[in-house]
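Structure first, then comments.
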Amino acid sequence: MTPDGGGTGAGCAGERERTARAALTRILEPGEEHGGRWLREFGAEGLLGLLTSRNCLEGVLTGATERRIRGLRARAVGVEPERDLDAVRALGGRFIVPGDTEWPSQLNDLADARPVGLWVRGLPDLRKWALRSVAVVGARACTAYGAHMAATLGSGLAERGWVVVSGAAFGVDGSAHRGALSAGGATVAVLACGVDVAYPRGHGTLIGRIVEQGLVIGELPPGGHPTPSRFVLRNRVIAALTRGTVVVEAEHRSGSLVTARSAQRLGRYTIGVPGPATSGLSAGVHNLLRGEGVLVTDAAEVVELIGAMGELAPAHSGPVLPRDLLDPVARRVLEALPARGAVNGQDIARDAGTTGDEALGKLYELHSLGFVERAGEGWRLTITAKRGSNVRRGGA
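Here this note's numbering is used: the first residue of the sequence shown is 39, the next is one more, and so on.
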């Protein structure tokens, strides 16, 4: 089951606004708050006009040094937004901006760090998908346990109609995407490069599958290359886009914790999957859980936390043993028998706190159920009962 999709890229923003914002994605770095403030003050067309003019901008673009302004103007030289827009259309994609019907309004929570626009590949409507989405992130060099948990969460969430959002990286990200795809579900990859770039290269096939079955989105124009800072800034989009962020495995300095901290600042749920206390790859997650993070062990618990009222996870319990079905007196009689050797009925009645007749009746009942057997004038546990959970769990 997948959420409703079918986005076509049609929007409400004017084409001049869209073209100006497309140009600005080549000039401004993702998440640049100064740039976001300038956008708010001058508008996309106005800001682009300033950056491509020869006018002195010192004091006009507040927060920017003369050196920074020169750098921005150098980037603005030769920018061809129409070419970028044509390139993404040739891939079957689109460029969406604030004001479009497909724009996810929760991204506006990022304020001046909001994306200038998003380059999108895939058919579904991003806004609709984002309304019921959850991020699953974690270590690139994850353990087999981490990969298994990420894939299980991905498939479990997809089966429950949730969109799995991640960063298409090696390790936990890739496993979460594959889990969702294997369940025939919905998944979104948020890239730190152009949506026409397969990065990492080893995930070219995976990213292609996500384009066919889900969505691939990014802030950089076609051909944009990733950098360490862009990976970090990409995480704020993952956090803002989703209802909550699940961290599967992460060291203390993991970029996945950046996503979780962004989610906390935005008022989203932060969620962690526990691992071995001795594992360095789970140290960051455990630190998150000691704070505001919520511990989960499966997809049902994630949905219970971030879903609608009534989407409760099933209660967890151990297996029901035959002795669990006994009435209280029969259990006391059974517990009165030693692990080894036989004992007479009167001693059993005394230790069970009941009468001799009642103890004898329960012993015959336990005999018919296969728990005890006669041993001369006394009673003892059967071999089957001994192999089950010991009646005296601390020993004989």
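Virtual Cβ for every residue (Gly too), placed ideally from N, Cα, C.
In the same chain as Asp336, and ignoring 5 residues on each side of it, the C-beta atoms closer than 8 Å to its own belong to Thr190, Leu191, Gly194, Ala351, in chain order. Counting of Cβ neighbours within 10 angstroms places Ala182 among the exposed residues, the total staying below 16. Between Gly391 and Arg370, the alpha-carbon positions lie close to 8 Å from each other.
Under the DSSP assignment, Ser171 falls in the beta strand (DSSP E) whose first and last residues are 171 to 175. Here the segment 137 to 147 does not lie against the segment 233 to 242, with fewer than 3 beta-carbon pairs under 8 Å apart. The continuous alpha helix (DSSP H) containing Arg268 extends over residues 266 to 279. Under the three-state reduction of DSSP, Trp167 is assigned to helix.
In this chain, the alpha helix (DSSP H) harbouring Tyr183 covers 182 to 197. Here Asp211 is buried. Its C-beta has 16 or more other C-beta atoms within 10 Å.
Nearest Cα to Val115 within the set Val98, Leu99, Ala125, Gly87: Gly87.
Non-local beta-carbon contacts of Leu66 in its own chain, meaning distances under 7 Å to residues more than five positions away in sequence, involve Gly73, Val154 in chain order. Residue state for Phe80 is assigned as helix, using DSSP reduced to three classes. The beta carbon of Glu289 sits closer than 8 Å to the beta carbons of Ala177, Gly318, Leu319, Ala321, Gly322 from its chain, once the five residues preceding and following it are set aside; these are given in chain order. Within its own chain, the residues whose Cβ lies closer than 6 Å to the Cβ of Ala301, once the five positions on either side in sequence are excluded, are Ala277, Thr283, Thr308, listed in chain order. In the three-state scheme derived from DSSP, where H, G and I count as helix and E and B as strand, Val254 is classed as strand. Per the DSSP secondary-structure output, Arg418 pairs in a beta bridge with Glu411.
The segment 379 to 394 and the segment 325 to 336 do not touch, with fewer than 3 CB-CB distances between them shorter than 8 Å. With 16 or more neighbouring CB atoms inside 10 Å of its own CB, Thr225 falls in the buried class.
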